[in-house]
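Please read the structure below before turning to the comments.
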Amino acid sequence: MQVRFDLKEWDRKARALGATSKQIPYALATAMTWTMRETVEAEKKALSTSLDRPTPFTQQGVGFTPANKGQLRFEVFIKDRQAAYLGINVAGGTRSPVGAKVLATPFIKRNSYGNVGRGALKALMGDRRRVFSGKPKGKNRPAGIWRRTNENTTIRLLALYSPSMKYIVRYDFPAIFEATVRSTLPDKVTEAVMHVMARFAMHEGTKGPG
Numbered sequence: 008m009q010v011r012f013d014l015k016e017w018d019r020k021a022r023a024l025g026a027t028s029k030q031i032p033y034a035l036a037t038a039m040t041w042t043m044r045e046t047v048e049a050e051k052k053a054l055s056t057s058l059d060r061p062t063p064f065t066q067q068g069v070g071f072t073p074a075n076k077g078q079l080r081f082e083v084f085i086k087d088r089q090a091a092y093l094g095i096n097v098a099g100g101t102r103s104p105v106g107a108k109v110l111a112t113p114f115i116k117r118n119s120y121g122n123v124g125r126g127a128l129k130a131l132m133g134d135r136r137r138v139f140s141g142k143p144k145g146k147n148r149p150a151g152i153w154r155r156t157n158e159n160t161t162i163r164l165l166a167l168y169s170p171s172m173k174y175i176v177r178y179d180f181p182a183i184f185e186a187t188v189r190s191t192l193p194d195k196v197t198e199a200v201m202h203v204m205a206r207f208a209m210h211e212g213t214k215g216p217g
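Going by my numbering, the first residue of the sequence shown is number 8, and it counts up by one from there.
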């Protein structure tokens, strides 16, 4: 997702405010960095509210690359490790995980983030004589975790395995990025021009007479 602006327009705006050719790259880079920070915060806020109890690791998944006077562009992105599982929430679609996904039942405790931890599965599978994992023979029953009951004459489903899951778009990262940048950057350019001009003036004032 890219949002493009005409830098010549910002250049003209900066000059109209009194900025010099030397000051303009600093001002535009500053405006972009300020905009980047607001965009990162908007993405983090949306991430925490769009998903069901995201873990701290997931909430740390928004990365960024700031602008500088020689590179008048910035990036806001989902880090690679988080993108491996967040991408389906951004784009939607069907995911077929490596190995079956466990759909929790009342017999499996979820952690505080709503996930089924390995410890819960290990505890459920503790009694290997009565509990097994897989697809039972006969009757076309689904794959899952099953408990043998009634002296091994019947079985009871404890958790279901799903080979794929369908996801709707829950975290619209591109839309949040574009909306925040377009609503923020124009005003930040004006603020940054005035800020940089003031800093240059302060710096020149500290030099004193030559």
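Beta carbons are placed, not taken as given, at the ideal position from N, Cα and C, and that holds for glycine.
Computed from a predicted model, the values in this text were never measured in an experiment.
Is there a Cβ of chain C sitting closer than 8 Å to that of Thr-46, yes or no? Among the chains in the structure shown there is no chain C, since it carries only a single protein chain.
Should Thr-46 be labelled buried (16 or more other beta-carbon atoms within 10 Å of its own) or exposed? buried
Can you list, in chain order, the stretches of the beta strand (DSSP E) that have 3 or more residues and sit fully within the region 42-91? 69-72 and 82-85
By how many angstroms is the C-alpha of Asp-134 removed from the C-alpha of Thr-161? 16 Å
Under 6 Å Cβ to Cβ from Arg-22, same chain only, skipping five residues before and after it: list those, please. none
Cβ-based burial, Ala-199 [other Cβ within 10 Å; buried from 16]: buried
DSSP on Leu-14, reduced to helix/strand/coil? helix
Is Ile-31 closer than 8 Å to Asp-18 when the C-beta atoms are compared? Less than 8 Å divides the Cβ of Asp-18 from the Cβ of Ile-31.
Buried versus exposed call for Ala-182 [16 or more other C-beta atoms within 10 Å across all chains shown]: Counting of Cβ neighbours within 10 angstroms places Ala-182 among the exposed residues, the total staying below 16.
Nearest to Lys-15 by CA position, among Leu-164, Leu-79 and Val-138, is which residue? Leu-79
Compute the Euclidean distance between the alpha carbons of Arg-206 and Ala-74, then round it to the nearest angstrom. 19 Å
For Gly-94, the nearest candidate out of Glu-185, Asp-179 and Thr-156 (CA to CA): Among Glu-185, Asp-179 and Thr-156, the Cα nearest to that of Gly-94 belongs to Asp-179.
From this set, Pro-193, Asp-59 and Gln-67, which residue's C-alpha is nearest Lys-51's C-alpha? Gln-67
Continuous beta strand (DSSP E) stretch holding Thr-156: start and end: 151-156 is the extent of the beta strand (DSSP E) around Thr-156.
DSSP three-state call for Phe-207: helix, strand or coil? helix
Thr-156 versus Pro-63 - alpha carbon distance: Their backbone Cα atoms lie some 40 Å apart in a straight line.
For Glu-166, list the residues DSSP reports as bridge partners. The sequence as given places Ala at residue 166; Glu does not occur at that position. Per DSSP, Ile-152.
Taking DSSP as the reference, what is the three-state secondary structure of Gly-25? Residue state, collapsed to three classes: coil.
Cα-Cα separation, Ala-26 to Met-204: 6 Å
What is the DSSP secondary structure of Gly-226, reduced to helix, strand or coil? Coverage of the chain is limited to positions 8 through 217, which leaves residue 226 absent and any answer about it impossible.
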